[in-house]
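> Line by line, the protein sequences give chains A and B.
Position 37 (the first sequence) corresponds to 37 in the working numbering; numbering is contiguous.
Every position in the second sequence, counted from 1, becomes a number in the working numbering once 122 is added.
Even for Gly, the Cβ is constructed at its ideal location relative to N, Cα and C.
Remember, predicted model here, so these are calculated numbers, not experimental data.
Below is a structure I'd like to ask you about.
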Amino acid sequence: DAGVIQSPRHEVTEMGQEVTLRCKPISGHNSLFWYRQTMMRGLELLIYFNNNVPIDDSGMPEDRFSAKMPNASFSTLKIQPSEPRDSAVYFCASSPLGQITSGGLISTDTQYFGPGTRLTVL
Amino acid sequence: GQQVMQIPQYQHVQEGEDFTTYCNSSTTLSNIQWYKQRPGGHPVFLIQLVKSGEVKKQKRLTFQFGEAKKNSSLHITATQTTDVGTYFCAATGTASKLTFGTGTRLQVTL
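Laid out in structure tokens, this is it:
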């Protein structure tokens with residue numbers, strides 16, 4: 001298996017531009033997660049999907065961020081407009097077993113991370 | 123919400139010395155996972171603990187889950203330069219999603 005695939009690996013853009021990050025999860029995994037990692041804030045969960053449905057987007061910083069999962073093999077994270085404070089490494093991860101527990105929350109099996117996209121907003 | 127704290131934030135050891143990182147939660151956990159992230163890399167799953175008091179070993183690494191299922195530790199015996207990286211715990215509460223700890227960055231020098 002190729003593992004989780006992310007593109008692009010590096011993205012440099014100017015403030016105000018739209019940025020789209022892409023992720024292909026491992027085939028057969030039913031949960032997908034988007035994380036952001038910075039030195040100051042560590043690893044932050046932005047949003048996760050279970051069977052292509054967004055379950056919890058409470059980690060999305062603001063309305064400039066949006067994520068979609070149109071099918072089981074593809075997801076996007078979009079930032080519009082981008083700002084310098086969005087500069088970070090964005091990871092996508094997939095998990096083979098995720099389930100809804102009480103309150104619509106989810107427990108999960110091992111997460112397999114992609115190589116990440118290093119985003120720099122000038 | 124659930125909070126997961128790791129200590130220390132950073133540790134620098136000489137090769138051959140032991141290393142331990144601790145993960146503490148404010149709530150009872152269903153399970154806990156440990157991940158390692160090499161510099162410039164992505165988090166890689168190491169192990170999952172589920173049972174109270176569980177201890178698992180992987181070569182020089184020993185993982186422990188507390189009796190009350192609120193804390194966990196990772197101990198590395200006789201560190202090597204290949205152990206360099208950041209170690210994260212990731213905990214799932216009884217009714218909450220997987221939450222990553224703040225991480226412990228390990229530096230090993232000769």
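So, are the CB atoms of residue 73 (chain A) and residue 7 (chain A) less than 8 Å apart?
no
> For residue 199 (chain B), report the span of its beta strand (DSSP E) as first-last.
For residue 199 (chain B), no beta strand (DSSP E) run applies, since DSSP gives it neither H nor E.
> How about the stretch 38 to 45 of chain A and the stretch 134 to 152 of chain B: do they share at least three Cβ pairs that are nearer than 8 Å?
no
> Can you look up residue 85 (chain A) in the DSSP assignment and give me helix, strand or coil?
In the structure shown, residue 85 (chain A) sits in a helix (DSSP, three-state: H, G or I).
> Nearest CA to the CA of residue 130 (chain B): which residue from B:204, B:197, B:219?
Answer by Cα proximity: B:197.
> Residue ranges of each alpha helix (DSSP H) run of no fewer than 4 residues wholly in the stretch 149 to 188 of chain B, ordered along the chain?
Runs found: none.
> Evaluate residue 194 (chain B) with the Cβ neighbour count: other Cβ atoms within 10 Å of its Cβ, from every protein chain shown; 16 or more gives buried, anything less gives exposed.
buried
> Closest to residue 97 (chain A) by CA distance: which of A:82, A:53, A:85, A:111 is it?
A:111
> Leaving out five residues on either side along the sequence, give the residues of the same chain with a beta carbon under 7 Å from the beta carbon of residue 172 (chain B).
Closer than 7 Å at Cβ, skipping near neighbours: 153.
> Suppose you measure from the CA of residue 52 (chain A) to the CA of residue 200 (chain B); what does that come to, to the nearest Å?
44 Å
> Residues of chain B with CB closer than 7 Å to the CB of residue 25 (chain A), please, in chain order.
Correct list: empty, because the minimum Cβ distance to chain B is about 14 Å.
> Taking the alpha carbon of residue 203 (chain B) as the point to measure from, which residue in B:127, B:139, B:177 has its own alpha carbon closest?
In terms of CA proximity to residue 203 (chain B), B:139 leads the group B:127, B:139, B:177.
> Among the candidates B:167, B:158, B:188, B:144, whose CA atom is the shortest distance from the CA of residue 174 (chain B)?
B:188
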